[in-house]
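Trainee: Sharing a structure, written as C-alpha cells. Questions coming.
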Amino acid sequence: MEEMYNLCKLSTILLAKNGYDIDWQYGHATWYGDPYGDGSDGGACGYTTLENTPYGSKIAAGSSAVFMNGQGCGTCYDVKCTYSICKSEPTRIVITDFCPGGIYCSTGAVAFDLSGSAINSLAVPGQEWAMRNIGTYSIQYMRVPCEYGGQNVAFAVDAGSSPYWLSFAVKYEGGPGDIQSVMIRQSGSYEWEPMQHNWGASWMLIDYSGQPFKGPFDVQIVAKLNGHSLIAWNAIPDYFQPGATYNSTVQFLY
C-alpha cells in the first residue's frame, strides 16, 4: 500500500511540474450540436471527422482562454458537475472548436461548450435528457494529458497543398495536446524551417525560392504547455497526396 501511495504521489508531482492541474478548477459550460453527437464535426480546429476516430464524440468548443487562437486545439480536460443527476466520475473531453459567444464563452474566462455526447456522459444513466435540459452548467475541470491508446501523432495534409505550399493539421497529439511551434526539415537539408501557424491546428510552409519542396520531411513539434518536443522523422513523403493523412512513429507521453 505504501509503495502504491508513493507511486501515486510521484505521478501527481510529475504532472504538476509539467503544467497539468492536480486540483479541480471551477468554470462554466453549455452544450451544442446534435443531442447525441460530436458538436460541429471538427469545428475551428480543422480536424474534420471526429466520431469513430481517436478523438471520439466527447469533445468541446473552448472559450478564448481555452482555444488560445487555435493553439489550444487538441488539449484535454476532465470535467464533472455536482448536480444530483451528475455522475461522480469525470468525463474526458478534447478541445476541437472555438466558442466565441454566449453567456459564458463571451466573458474571456475558462468556459466549455460541450457536445451532446459529452454532456450526456456527465449524467447518471437514464438522466441524460434532464441533464441536457439544464442548458447552462457550473462545472469543475482539470487539464490532463491526452491519451490516444497507441495512436501516434498524425499529419493531415491540406487538400490545397502543392510542391510550393505545404499545409497540414497536426492531429492526435498526446500529452499537452497544444502546440507552441512547428518546424520542418526538407530532405538533404540540415536546417529546420519554421512553419507559420495557419489557423486552428493547421500549420503551413510557403516556398519563396521558386524551387519545389523536396521530401521526405521531418517535422519537429514543441508543446505550448511545458515545452516538450518531439521529432517525427520522415513524417510526410516526398510525393505527398493533398488531402491524405500520414501517421508518424512518435508520440508525446505527458
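Count the sequence shown with the UniProt record's numbering and you get residues 1 to 254, in order. Ideal Cβ positions, reconstructed from N, Cα and C, are used throughout, including at glycine.
1) How would you call Gln-71, buried or exposed, if buried means at least 16 neighbouring beta carbons within 10 angstroms?
2) Beta-carbon separation of Ile-119 and Thr-96 under 7 Å?
3) Could you check if Trp-203 is buried or exposed, using at least 16 other CB atoms within 10 Å of its CB as the buried criterion?
4) Mind the definition here: the region 235–247 touches the region 140–160 only if three or more C-beta pairs lie below 8 Å; say whether that holds.
5) Could you give the distance in angstroms between the alpha-carbon of Ala-111 and the alpha-carbon of Ala-130?
6) I want to know whether the region 194–201 touches the region 163–177 - three or more CB-CB distances under 8 Å.
7) Between the region 215–233 and the region 99–116, do three or more beta carbon pairs fall short of 8 Å?
8) CB-CB under 6 Å to Lys-80, same chain, minus the five flanking residues each way: which ones, in chain order?
9) Need the endpoints of the alpha helix (DSSP H) that Phe-67 sits in, please.
10) According to DSSP, Asp-97 sits in a beta bridge with which residue or residues?
11) Near Ala-235, what residues of its chain come up, given a Cβ to Cβ distance below 7 Å and the 5 sequence neighbours on each side ignored?
12) What residues in its chain sit with their C-beta under 6 Å from that of Ser-161, if we drop five residues either side in the sequence?
13) Could you give the first and the last residue of the continuous beta strand (DSSP E) run that contains Met-204?
14) If we ignore side chains and look at the alpha-carbon of each, how far apart do Ser-63 and Asp-178 end up?
15) I'd like to know whether the C-beta atoms of Gly-116 and Thr-30 end up nearer to each other than 7 Å.
16) Out of Ser-11, Gly-19 and Ile-13, point me to the one whose CA is closest to Ala-226's CA.
17) For Asp-207, count neighbouring C-beta atoms within 10 Å of its own C-beta (all shown protein chains included) and say buried if the count is 16 or more, exposed if not.
18) Do Val-182 and Ile-221 count as a contact pair if the criterion is CB distance below 7 Å?
19) Could you tell me which residues DSSP puts in a beta bridge with Val-219?
20) Give the C-beta separation of Ala-223 and Gln-180 to the nearest angstrom, bearing in mind that I take them to be a contact with Cβ-Cβ under 8 Å.
Mentor: Let me spell this out:
1) buried
2) no
3) buried
4) yes
5) 21 Å
6) yes
7) no
8) Pro-90 and Gln-140
9) 64–67
10) Ala-61
11) Phe-155, Phe-217, Asp-218, Val-219, Tyr-246 and Ser-248
12) Ser-167 and Pro-242
13) 202–206
14) 15 Å
15) no
16) Residue 226 is actually Asn in this sequence, not Ala. When each option's Cα is compared against that of Asn-226, the closest is Gly-19.
17) exposed
18) yes
19) Ile-184 and Ala-232
20) 6 Å
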